[in-house]
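What follows is a short report on a single structure.
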Amino acid sequence: MLDTDIKTWLLPIEPLEGESLSHFLGRVRRRNYLSTSALGELAGIRGVVTRWEKFRHNPFPSDQELTALGNLLGLELSQLKAMLPSEPMKLEPIRLCGACYGESPFHRIEWQYKSRWKCDRHDLKLLCKCPNCGAKFKIPSLWDFGKCDRCGLGFCEMKNTRN
Numbered sequence: 004m005l006d007t008d009i010k011t012w013l014l015p016i017e018p019l020e021g022e023s024l025s026h027f028l029g030r031v032r033r034r035n036y037l038s039t040s041a042l043g044e045l046a047g048i049r050g051v052v053t054r055w056e057k058f059r060h061n062p063f064p065s066d067q068e069l070t071a072l073g074n075l076l077g078l079e080l081s082q083l084k085a086m087l088p089s090e091p092m093k094l095e096p097i098r099l100c101g102a103c104y105g106e107s108p109f110h111r112i113e114w115q116y117k118s119r120w121k122c123d124r125h126d127l128k129l130l131c132k133c134p135n136c137g138a139k140f141k142i143p144s145l146w147d148f149g150k151c152d153r154c155g156l157g158f159c160e161m162k163n164t165r166n
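Residue numbers (the working numbering): 4 to 166.
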């Protein structure tokens with residue numbers, strides 16, 4: 004059957020501790036050369052992957068949807084649930100801490116929480132736009148180069164900005 008053939012050629016991606024589902028899904032898709040719709044089709048959950056990448060969790064991902072994705076990617080339900088928000092979050096603007104990103108380049112779900120406005124680890128204000136050119140950050144699933152899409156300033160170079 005096609006499903007078992009597909010599972011054998013998908014390259015595995017391990018989630019990172021604290022990583023947002025949006026960023027993780029982007030890494031999975033890039034590594035396997037898949038579109039959001041193709042990933043959703045393969046998992047049997049269709050368009051929800053596109054919504055999840057944009058932090059559209061209304062309705063919240065069901066255990067059934069997450070299990071279907073987990074079965075395709077070889078992940079446990081608990082691993083996928085850990086990438087979902089555990090408190091209210093801001094959909095926009097996308098935020099980041101340049102110092103954290105420099106240490107480990109991925110988007111953390113905690114950066115989107117409404118209750119967070121600074122990085123607890125580095126005592127830096129979370130950035131919502133490039134400090135060099137003012138461009139807003141794209142959704143984390145599109146962060147394939149770790150830099151501003153307009154001016155090219157690296158996210159890790161933004162760590163010296165104290166707004």
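C-beta: ideal position from N, C-alpha, C; glycine also.
{"Asked": "Reduced DSSP category for lysine 128 - H, G, I as helix; E, B as strand; rest coil", "Found": "strand"}
{"Asked": "Pairwise C-alpha distance: histidine 26 and proline 143", "Found": "5 Å"}
{"Asked": "DSSP bridge partner residues for leucine 99 (one or two, in chain order)", "Found": "Leu130"}
{"Asked": "Enclosing alpha helix (DSSP H) for glutamine 82 [first to last residue]", "Found": "80-84"}
{"Asked": "Residues bridged to tyrosine 36 (per DSSP)", "Found": "Partner(s): none; tyrosine 36 has no beta bridge."}
{"Asked": "Boundaries (first-last residue) of the alpha helix (DSSP H) holding glutamine 67", "Found": "66-76"}
{"Asked": "Close-in-space but distant-in-sequence residues of the same chain around arginine 98 (CB under 7 Å, 5 per side omitted)", "Found": "Trp114, Gln115, Leu129, Leu130, Cys131"}
{"Asked": "Local conformation of lysine 150 per DSSP, three classes", "Found": "strand"}
{"Asked": "Which of helix, strand or coil DSSP assigns to isoleucine 16", "Found": "coil"}
{"Asked": "Buried versus exposed call for phenylalanine 63 [16 or more other C-beta atoms within 10 Å across all chains shown]", "Found": "exposed"}
{"Asked": "Buried versus exposed, by CB contacts within 10 Å (16 or more), tryptophan 146", "Found": "buried"}
{"Asked": "Check whether cysteine 133 and cysteine 100 have beta carbons under 8 Å apart", "Found": "no"}
{"Asked": "Host alpha helix (DSSP H) of arginine 49 (start-end)", "Found": "Note, arginine 49: premise wrong, no alpha helix (DSSP H); not H, not E."}
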